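What follows is a short report on a single structure.
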Amino acid sequence: METAEGVYDFSKLTTTLNYAATYGKKVIVRVFTKTVSGAKPKPLPAYMLNDETTYGGSATTGGLRINGFSGWSPRFDNPNVMARFKALITAMAAEVGPHSALQGIGPDESAWGFRDTWPIADLTTAQVKDAHREQCLHIQSCFPGKEIYPFYNYCDGSPDEEVIAEFQWSLSQGMCAGITDTHRIPEMQSGVQPVAAAYPVSAKTLMIVDYMSTGADDSGLAERYLENGRTTALRGADITVWLNWGGATGNYWAAAKNAMATIG
-14 METAEGVYDF SKLTTTLNYA ATYGKKVIVR VFTKTVSGAK PKPLPAYMLN
36 DETTYGGSAT TGGLRINGFS GWSPRFDNPN VMARFKALIT AMAAEVGPHS
86 ALQGIGPDES AWGFRDTWPI ADLTTAQVKD AHREQCLHIQ SCFPGKEIYP
136 FYNYCDGSPD EEVIAEFQWS LSQGMCAGIT DTHRIPEMQS GVQPVAAAYP
186 VSAKTLMIVD YMSTGADDSG LAERYLENGR TTALRGADIT VWLNWGGATG
236 NYWAAAKNAM ATIG
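Heads up: the sequence shown runs through residues -14 to 249, numbered per the working numbering.
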């Protein structure tokens, strides 16, 4: 959305909000700032990528780190990178903050994961948490009256107490709760407790189902979607978004339709 330093293009966002408003619908926006593959375009403007002195990193990858997916994550622990993120959010709020179709907004997932789930070189858990909290608080200050959704991901790969502590912090700030990647992925299968025993959430909750594992203990894709339905009910999630890999003709889509037909 930042085409050059301090120059922004929010036309796609405005078009989406206007479209939703036409049908009396609302939009919750999640600002993605990472990629999950090195083959994807780097998620920062060129002026940052070409300035490793100011933003950290190396030539053509300024402001970025290679993450646990062999993709890229911004160096939000670098104050200059954080300043550019805040400038983007401030400009976004000026452009679409008052829009009637904008219901809520949140930053990308908290983590690059807690502890060693998806480790990022040279970062501590505290640094990851602090950077995420700083983003959330800035978004909240820029979008008064809107729902703010801090997203916490890979909760099955983190100790319960860490996840609960982050949710409690969010709620103490008057924010809502965002949950992503609620199921174990293959690398987390062994020795990790099921989500049904994890964190409690006592706030308006948005759950994003954007990864369905197919490890050895899965009895099929439809069953995994049904498990998520049960998890959603347990969490008391108000909104659940189903992201289906492979498009409308893929196995994931068929499994989601079967699960939703069963759940009702």
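Virtual Cβ for every residue (Gly too), placed ideally from N, Cα, C.
Because the structure is a prediction, the values reported are computed rather than measured.
Please state whether the Cβ-Cβ distance between residue i and residue j is less than 8 Å.
| i | j | result |
| --- | --- | --- |
| Ile13 | Leu122 | no |
| Ile74 | Ile124 | yes |
| Gln88 | Lys131 | yes |
| Lys250 | Thr46 | Residue numbering for the chain in the displayed model covers -14 to 249; residue 250 lies beyond these limits and cannot be assessed. |
| Phe17 | Gly91 | no |
| Asn52 | Lys19 | yes |
| Ser55 | Leu49 | no |
| Met67 | Glu(-13) | no |
| Asp36 | Leu108 | no |
| Lys250 | Ala5 | This structure does not reach residue 250, given that the chain is present from -14 up to 249, and the question cannot be answered. |
| Tyr134 | Ala76 | no |
| Phe128 | Ala78 | yes |
From the DSSP output, read off the bridge partner residues of residue i.
| i | result |
| --- | --- |
| Tyr(-7) | Glu(-13) |
| Trp57 | Ile51 |
| Val81 | Answer by DSSP bridge pairing: none, since Val81 is not bridged. |
| Phe256 | As displayed, the chain neither begins before -14 nor continues past 249, which places residue 256 out of reach and without an answer. |
| Thr190 | Ala162 |
Could you spell out the range, first to last residue, of the alpha helix (DSSP H) harbouring residue i?
| i | result |
| --- | --- |
| Val113 | Thr110 to Cys127 |
| Tyr32 | Ala31 to Leu34 |
Tell me the residue span of the beta strand (DSSP E) that contains residue i.
| i | result |
| --- | --- |
| Ala44 | Counting along the chain, Ala44 falls outside any beta strand (DSSP E), and DSSP gives it neither H nor E. |
| Leu87 | Leu87 to Pro92 |
| Ala162 | Ala162 to Thr165 |
| Val12 | Val12 to Val16 |
Is the closest heavy atom of the ligand SAM to the C-beta of residue i under 7 Å?
| i | result |
| --- | --- |
| Met77 | Judged by which ligands are present, the structure shown has none, so any question about the ligand SAM falls away. |
- [ ] Please determine if the segment 27 to 47 and the segment 78 to 88 are in contact, where contact requires at least 3 C-beta pairs separated by less than 8 Å.
- [x] no
Open item on the list: With three or more beta-carbon pairs closer than 8 Å as the criterion, would you say the segment 39 to 46 touches the segment 108 to 120?
Closed with: no
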